[in-house]
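What follows is a short report on a single structure.
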Amino acid sequence: MKQTLSLKANFYNELKGDLAIWLVIALLAAFSLMAIYSSTETLAYKERGGNTEYYLIKHFLILAVGLCFTYVCHLMYYMRYSILAPLLLYISIGLLICTLLFGPEVNDARRWLAIPGIGITFQSSDLAKIALIIYIARSIAFKQDYIKDFGSAFVPIIVPVLIVCGLIAPADLSSAVILFVTCLTMMFIGRVDMKYISILIVFGIMLLAALIGLGYLFPEFIRVETWTSRINEFVNDPVGGYQIEQAKIAIAEGGWFGVGPGQSTQDNFLPSPYADFIYAIICEEYGLLGGATIILLYLFLVFRCMRLVTRSPKTFGAMLSIGLCLSLVLQAFMHIAISVHLVPVTGLTLPMVSMGGTSIIFTCISFGIILSVSKYIEKVKEKSELAMAGS
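In the working numbering, the protein residues as written are 2 to 392.
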């Protein structure tokens, strides 16, 4: 009995930071494994001769590697990420340019880069999102004394936002919009003047208009026709296209409590049910109860990160945690909105739940950095409590 209690104590000591966030990660990972196992059945028969365990084991291993990254990142003192921010940003911009120019074209978009020698591909935008958020958090923190100044504070913040979002948008407009909104929110929380934020919104609209214009000149780089066709389909077809119709059927069949784990039938009809429409599969198998649980987990994550914002003794920690949290949660809610036909289809995955390789890794890194901030806040709290007890 004592040995069991000792093991539990050691386990909790190893998991520093907010245990509630660790719980959110664990529950999302559990949902992910269950949903991936059932949603890849058709894919397994097509690609692996009916070996339905193949994709489950592969996804489990990726999750395990991702959680190792979470653990390592949460051990690192979060202020070190501030030191790395400029280098990460420059590397990300270079990789985004290489992706646009030399990346393989998949589904009419250049989003991926291959790592030479090992044959692994990754989305350069995943790294760019984290790098930009860290850099913006650093800039807001360092410029707090003159944050209302246009030339000294606003311009150095807005330039990297426009560059990174502008480079992501041609191949992945939805991710660029989510990142742009995340940066806007960080600036608002960081006390940047509202009139300058309004200017940034106007710049964003102008940048989008410029991209659309360039898209007609260079269609091989910018997917204007894809954007307009999806918007037209969303506006003109109240039922939705084939994908949305199948997603709605899946959600409707699930009812309140679902058809049961592994009993989905819509995974045979939905394109990429293990990625772009995994929320619909969760609703089919676990009902509205399961779907609501997913939403509540992401909302709870926002609540815990807002708690970090109010308790962080350093501005950088507050901005970093809320920025990374918002990027994940906004993507999650956009994915859910697509499944219920509230927004046009964009191909966004559900963070920490959809099947993926490097996307899971970068999501886990984001969680690790958030936990690094919470770990430091807990240490400060413990020191202050000890000081008060000693006095």
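Backbone N, C-alpha and C define an ideal beta-carbon position, used for all residues, glycine too.
With fewer than three CB-CB distances shorter than 8 Å, the segment 138-155 does not count as touching the segment 92-99. For threonine 122, the pairing in a beta bridge is given by DSSP as Ala115. Here DSSP, grouped into helix, strand and coil, assigns lysine 17 to coil. Looking at the backbone, the Cα of leucine 76 and that of leucine 68 are separated by about 12 Å. In this structure, DSSP gives methionine 77 a state outside helix and strand, which the three-state scheme calls coil. A distance below 7 Å between beta-carbons, with the five flanking residues on each side excluded, links lysine 376 to the following residues of its chain, in chain order: Lys17, Gly18 and His75.
In terms of Cα proximity to serine 373, the closest of Thr122, Tyr72 and Tyr46 is Tyr72. When the beta-carbon positions are compared, leucine 331 and threonine 122 stay at least 8 Å from each other. A contact between stretches requires three or more CB pairs, one per stretch, nearer than 8 Å, and the segment 317-328 fails this requirement with the segment 199-209.
Using a Cβ-Cβ distance cut-off of 8 Å, the segment 271-281 and the segment 309-316 are not in contact, since fewer than three pairs of beta carbons, one from each stretch, lie closer than that value.
Valine 193 carries a coil assignment under DSSP once its states are collapsed to helix, strand and coil.
In this structure, Gly288 is the residue among Thr53, Gly288, Ile158 and Met335 with its C-alpha nearest to the C-alpha of glycine 261.
In this structure, the CA atom of lysine 144 is about 26 Å from the CA atom of lysine 380. Scanning Leu57, Glu42 and Leu20 for the CA closest to the CA of glycine 51 turns up Glu42. Using a Cβ distance threshold of 8 Å, tyrosine 79 and isoleucine 370 count as a contacting pair. Assigned with DSSP and collapsed to three states, leucine 271 falls in coil, not helix or strand. Of the other Cβ atoms in all chains shown, 16 or more fall within 10 Å of the Cβ of tyrosine 275; this residue is therefore buried. With respect to the 8 Å criterion, leucine 209 and isoleucine 135 are not classified as neighbours on the basis of their beta carbons. Per DSSP, phenylalanine 304 is one residue of the alpha helix (DSSP H) stretching across 279-312.
DSSP places glycine 324 in the uninterrupted alpha helix (DSSP H) bounded by 316-340. As the crow flies, the alpha-carbon of alanine 170 is around 45 Å from that of lysine 384.
Listed in chain order, the non-local C-beta contacts of leucine 168 below 6 Å within the same chain comprise Leu97, local neighbours out to five positions each way being set aside. Scanning the segment 32-77 for uninterrupted alpha helix (DSSP H) segments of 4 residues or longer gives 42-48 and 54-76, listed from N- to C-terminal end. The distance from the Cβ of leucine 349 to that of serine 175 is about 6 Å, consistent with a contact at the 8 Å cut-off. The beta carbon of isoleucine 245 sits closer than 6 Å to the beta carbons of His342 from its chain, once the five residues preceding and following it are set aside; these are given in chain order. Around the C-beta of phenylalanine 363, 16 or more other C-beta atoms lie within 10 Å, and the residue is accordingly described as buried. Rounded to whole angstroms, the separation of the alpha carbons of glycine 358 and leucine 44 is 16 Å. For lysine 249, the uninterrupted alpha helix (DSSP H) segment begins and ends at 243-255. For serine 175, the secondary structure class from DSSP, reduced to helix, strand or coil, is helix.
The three-state secondary structure of glycine 152, taken from DSSP, is helix. The Cβ atoms of leucine 290 and phenylalanine 334 do not sit closer than 8 Å to each other. Per the C-alpha coordinates, the member of Val178, Tyr197, Ser125 and Ala172 positioned closest to isoleucine 158 is Tyr197. Between the alpha carbons of glutamate 286 and glycine 255 lies a gap of roughly 6 Å. With a 10 Å radius around the Cβ and a threshold of 16 neighbouring Cβ atoms, threonine 266 comes out exposed.
With a cutoff of 8 Å on beta-carbon distance, alanine 138 and methionine 187 are scored as near each other. Take the alpha-carbon of methionine 320 and the one of isoleucine 26: they are about 21 Å apart.
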